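Worksheet for the structure shown next.
Numbering (our numbering), first residue to last: 12 to 222.
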């Protein structure tokens with residue numbers, strides 16, 4: 012069998028969702044990357060408790076959508092898989108670039124970048140690869156990519172919060188130790204680790220307390 016895998020490049024279109032309105036009263040812009048199985052418009056519900064005048068939330072949408080229930084009723088999305096990860100990561104980065112370009116944010120805005128679950132790998136890579144200047148980087152219940160190094164974040168002065176549930180079904184003591192050690196290596200004294208009693212779920216109270 013003479014099988015050969017080839018590559019093409021083409022232009023595609025994707026959506027993203029926003030919550031509230033960007034005005035002169037806006038103090039914080041949140042750039043939030045959802046977890047696997049979410050759609051961006053539903054992920055925004057977790058940020059509805061933030062002051063609407065002061066917070067504008069942007070949720071990019073992962074490109075790869077799929078039916079997430081046996082009855083083909085609910086649709087979810089995934090950012091990446093282990094298949095062709097390097098190329099797919101760059102596709103994701105260009106997706107996020109396009110979202111920020113479309114939003115044309117003011118340069119003096121307080122930018123908070125948040126990743127939840129699978130979105131942690133996306134948010135951290137985006138900040139590192141694009142040297143994205145933000146005031147906070149929030150890593151909620153997800154793993155840091157293996158290829159990232161401390162020098163990738165040397166440009167940044169952002170405060171980094173690592174949030175996870177102590178009863179998270181995807182974590183055990185070994186994984187928690189590994190991830191917290193990695194985070195300390197990458198971010199040093201800019202890191203705060205915030206465990207909470209709970210499972211693998213978005214902690215709205217902690218998010219609301221970040222600003």
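C-beta atoms are modelled at their ideal positions from N, C-alpha and C, and glycine is treated no differently.
What you are looking at is a predicted structure, and each value in this text was computed from that prediction instead of being measured.
Taking a contact to mean a Cβ-Cβ separation below 8 Å, would you say residue 167 touches residue 138 in this structure?
The residue labelled residue 167 in the question sits at position 156 within the chain shown. The residue labelled residue 138 in the question sits at position 127 within the chain shown. Result yes, Cβ atoms of residue 167 and residue 138 sit closer than 8 Å.
Please determine, among 159, 170 and 157, the residue with the shortest C-alpha to C-alpha distance to residue 144.
Taking the chain shown and counting its residues from 1, one reaches residue 144 at position 133. Minimum Cα distance to residue 144 is reached at 170.
Any contact of the region 52-66 with the region 147-158, i.e. 3+ C-beta pairs under 8 Å?
Short answer: they don't touch.
Thinking C-beta only, is residue 211 closer than 8 Å to residue 152?
Residue mapping note: residue 152 aligns to position 141 of the chain shown, counting from 1. Residue mapping note: residue 211 aligns to position 200 of the chain shown, counting from 1. Going by C-beta atoms, residue 152 is nearer than 8 Å to residue 211.
Would you call the region 179-199 in contact with the region 29-43, where contact means no fewer than 3 C-beta pairs closer than 8 Å?
no
3 or more residues per run - each beta strand (DSSP E) lying fully within the region 147-209:
147-151, 170-176 and 202-207
Going by DSSP, which residues form a beta bridge with residue 87?
Translated into the one-based positions of the chain shown, residue 87 becomes position 76. In DSSP, residue 87 forms a bridge with 77.
Contact between the region 109-126 and the region 40-56 (3+ Cβ pairs under 8 Å):
yes
Below 8 Å between beta carbons: does that hold for residue 104 and residue 140?
For the purposes of this step, residue 104 is taken as the residue at position 93 of the chain shown. For the purposes of this step, residue 140 is taken as the residue at position 129 of the chain shown. For residue 104 and residue 140, yes; Cβs fall inside 8 Å.
Closest to residue 218 by CA distance: which of 147, 201 and 21 is it?
On the chain shown, position 207 is the one that residue 218 refers to. The option with the nearest alpha carbon to residue 218 is 147.
Neighbourhood of residue 176 by C-beta distance below 8 Å, restricted to the same chain and skipping five residues each side
Translated into positions along the chain shown, residue 176 becomes position 165. Hits under 8 Å: 152, 182, 206, 207, 208, 209, 210, 211, 212 and 214.
Leaving out five residues before and five after residue 132 in sequence, what residues of the same chain have Cβ atoms less than 6 Å from its Cβ?
Translated into positions along the chain shown, residue 132 becomes position 121. Within the same chain, residue 132 has close Cβ partners 156.
Enclosing beta strand (DSSP E) for residue 120 [first to last residue]
The residue labelled residue 120 in the question sits at position 109 within the chain shown. Segment: none, residue 120 is in no beta strand (DSSP E) and carries neither H nor E.
So, helix, strand or coil for residue 131, using DSSP?
The residue you call residue 131 lines up with position 120 of the chain shown. When secondary structure is reduced to three states using DSSP, residue 131 falls in the helix class.
In angstroms, rounded to a whole number, what distance separates the CA positions of residue 129 and residue 13?
Within the chain shown, the letter at position 118 stands for residue 129. Within the chain shown, the letter at position 2 stands for residue 13. Rounded to the nearest angstrom, the two C-alpha atoms are 36 Å apart.
Consult DSSP for residue 109 and reduce its assignment to one of helix, strand or coil.
Position 98 of the chain shown, counted from the first residue, corresponds to residue 109. Residue state for residue 109 is assigned as helix, using DSSP reduced to three classes.
Taking residue 212 as part of the beta strand (DSSP E), name the residues at either end of that continuous run.
Your numbering for residue 212 matches position 201 in the chain shown. Unbroken run through residue 212: none, as it is neither H nor E.
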